[in-house]
Structure formats: C-alpha cells, structure tokens
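For my numbering, add 41 to where a residue sits in the sequence shown, where the first one is 1.
Note that beta-carbon positions come from the ideal geometry of N, C-alpha and C, so glycine has one too.
Since the structure is predicted, the reported quantities are computational estimates derived from the model, not experimental observations.
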Amino acid sequence: MHCYFNTNKVITAAVLAVFSTTLFFACTKDNKQTQQDVDDNAVIRLAAQQAVASETYDDVFDVTLALNANNQGSLGRRSSEFQDVISQKIWYCGSASVSIVPLDLETWPKTVTVDFDAGCTDSSRVRSGKMKIVLSAPLLSTNSTATVTFENYKVNNVAVQGEVLITNLSANNVFKYSTKVTEGKLTYGDTLWVKYNGIKTVEQTAGSATPLNLLDDVYAVSGNATVENSDGNGASVNITSPLVRKLNCGYVSQGTMDIVVYGNAASIDYGNGDCDNKAMMTYKNKQIEITLPN
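Below, the structure is given as structure tokens:
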C-alpha cells in the first residue's frame with residue numbers, strides 16, 4: 042500500500058505591493074491557508090496508514106486461524122490441511138513451510154513457525170521472514186490462546202513487528218475471538234514508521250457448520266485502536282460498522298471506521314461486500330481511494 046497522499050493545494054501567491062501593510066496581511070493569510078492544508082494532509086496520511094496497519098494485523102489472525110480448525114492432528118487439525126488451503130489459492134505463499142514443536146497429539150503448548158523464507162508471492166503480496174505462533178491448545182477450544190510474534194517478517198518489503206494475542210471466546214456454538222495487538226509497528230525503509238495498538242472482537246457469522254472448510258468462513262470485526270506515525274502525529278480509531286472478513290477473500294470487504302486526529306474525524310468505508318483491496322476514505326470534502334496490501 043502506498044499511503045503517502047497529498048491533496049491538491051491552492052496557494053494564493055502574495056502580490057507585490059507598494060505598501061508594506063498590504064504585503065503583511067497577504068502573507069499572513071497565505072500562511073494560515075498553508076498550515077490548514079498541512080494539517081489536512083497529516084490527517085489523510087495517518088488515516089491511510091492506519092488502514093494498512095489494521096489490515097496487516099488482521100491478516101495475522103487469518104494466517105493463524107488457517108493453521109487451526111478442530112481437534113484433529115498435531116495442531117488441532119490435519120497436518121496436511123494447511124497445504125490444502127494453500128492449494129486452493131486463498132492468500133498465502135504456496136512455498137511457505139510450517140514446523141510444529143512438539144509434533145505430537147498430546148503435548149501443549151506448541152510452537153508453530155511459518156517460514157516464508159527470503160520471499161514468496163501470492164496475489165501480488167510478497168511475504169518474507171517468519172511468523173512464530175505459540176498455541177496453548179487447539180485454537181478452536183474455548184479459552185485457548187495463540188501468541189504471535191515476528192522474525193524479520195515483511196509484507197511488500199514493509200517490516201512488521203509487535204505481538205498479537207488471539208483468545209478464543211466461543212460460547213453456545215458461536216465461534217468468537219479477541220485479538221490484541223501490542224507494540225505493533227510497520228517500518229517503511231529507514232525512517233518512516235507507523236505504530237499500532239488495538240483490541241478487536243472477531244465473531245464468525247457464516248461457516249461454523251463446516252469447521253473443516255475455511256472457504257465458507259465469514260467474520261464480523263469490531264473494536265478500537267490507537268496509531269501514531271514518524272511524523273509525530275497520533276489518532277484514535279473506532280470501528281463504527283462491523284468489518285466483514287471472508288476467508289476466501291483475504292481483504293475486508295464491508296464495514297466502516299472513524300479515525301480522529303487532533304479532533305478531526307476521517308472515515309473509511311470498505312465497500313458493499315465485493316472482494317477487492319480498495320477502501321474509500323472521506324475527510325471534509327475530500328474522498329481518496331486507499332489501496333490495501335495486495
């Protein structure tokens with residue numbers, strides 16, 4: 042996602058005048074206009090960066106869930122099923138390797154390492170490095186947890202750091218999870234970064250009757266987050282309409298959220314359910330299309 046947006050600026054040039062008072066007021070007016078534009082650009086840029094960070098860490102939940110489905114096999118599902126999912130071309134690199142320690146049916150916790158190696162591509166998303174997942178129990182078991190950390194992990198050459206804690210809150214045959222991102226950070230190159238912390242609730246709304254088939258799973262996501270960037274700006278984030286994630290898609294396809302920066306609110310609309318990597322941001326009278334990580 043290229044998230045460094047600039048809105049069109051209209052800068053009124055100060056006209057040279059004989060009288061210094063006229064020149065003074067013209068320059069003052071121009072400075073106010075320029076400062077307002079900079080503030081607007083900061084809000085737009087941070088809102089776009091937040092959308093990318095949110096999508097990146099939501100994707101971590103998707104990857105983790107794909108490794109766990111029921112009480113079969115060493116992970117709570119058949120050991121071959123991760124490759125079955127890959128072969129159906131959802132959104133993971135087909136060359137990723139998975140290791141499980143210990144590799145048996147009884148011993149918990151387990152450490153699962155998903156290794157994307159030096160880089161592999163799926164749906165134009167290039168992944169590299171490793172995700173490490175510590176499972177307290179099969180993730181479909183109520184109260185089980187998965188703690189995810191990263192080792193030189195990158196998506197589209199953006200470094201991903203932090204910890205993601207996934208907790209199973211399921212009850213009454215309804216699958217439900219919480220996800221907590223702590224000290225999340227995306228780093229672009231040497232100097233640009235975005236920090237992200239958030240708590241979300243993820244509830245399954247379709248596909249629970251077929252736990253061995255991920256392709257029909259649909260989840261509704263609610264929650265809030267905070268974000269800051271290397272520009273020195275920060276924002277609070279609130280999901281105003283549940284975000285819809287279909288596991289046969291890999292992107293949020295519906296829902297809205299608000300991002301508040303310095304008291305100024307921007308909104309992001311993920312669309313009407315179509316599977317694409319687009320979202321529309323609205324701020325004041327500006328609308329900008331955001332491209333999420335492919």
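Sorting N326, V268 and S282 by C-alpha distance to the C-alpha of Y303 places V268 at the top.
Scanning its chain for C-beta atoms nearer than 7 angstroms, with the 5 sequence neighbours on each side dropped, one finds around L233 the residues S271, in chain order. Per DSSP, the beta-bridge partners of I300 are V278 and A307. The C-beta distance from G312 to A320 rounds to 7 angstroms, short enough to fall under 8 angstroms.
Its chain contains N265, M298 and D299 as the residues whose beta carbon lies nearer than 7 angstroms to that of N279, once the 5 sequence neighbours on both sides are disregarded; these appear in chain order. Burial is judged here by how many other beta carbons sit within 10 angstroms of a residue's own beta carbon; P143 has fewer than 16 and is exposed.
With a threshold of 16 other beta carbon atoms within 10 Å, S138 falls short and is exposed. For the 7 angstroms CB-CB criterion, A94 and L227 form a contact. Setting aside the 5 residues that flank it on each side, S282 is surrounded in the same chain by G296 and T297, each with a C-beta closer than 6 angstroms to its C-beta; the list follows chain order. Under the three-state reduction of DSSP output, T246 falls in the strand class. Around K217, the same chain offers N209, L210, S211, T242, V243, E244 and Q245 as residues with beta carbons nearer than 8 angstroms, after the five sequence neighbours per side are excluded. Rounded to whole angstroms, F102 and T220 show a C-alpha spacing of 8 angstroms. Within its own chain, the residues whose Cβ lies closer than 7 angstroms to the Cβ of S263, once the five positions on either side in sequence are excluded, are K241, T242, I280 and P283, listed in chain order. Distances from the CA of E192 to each of P150, N82, S177 and V155 were compared; the closest alpha carbon is that of V155. Looking at the DSSP output, G264 bridges to K241. Closest option to G273, judged by alpha-carbon separation, among L255, R286, D258 and K236: K236.
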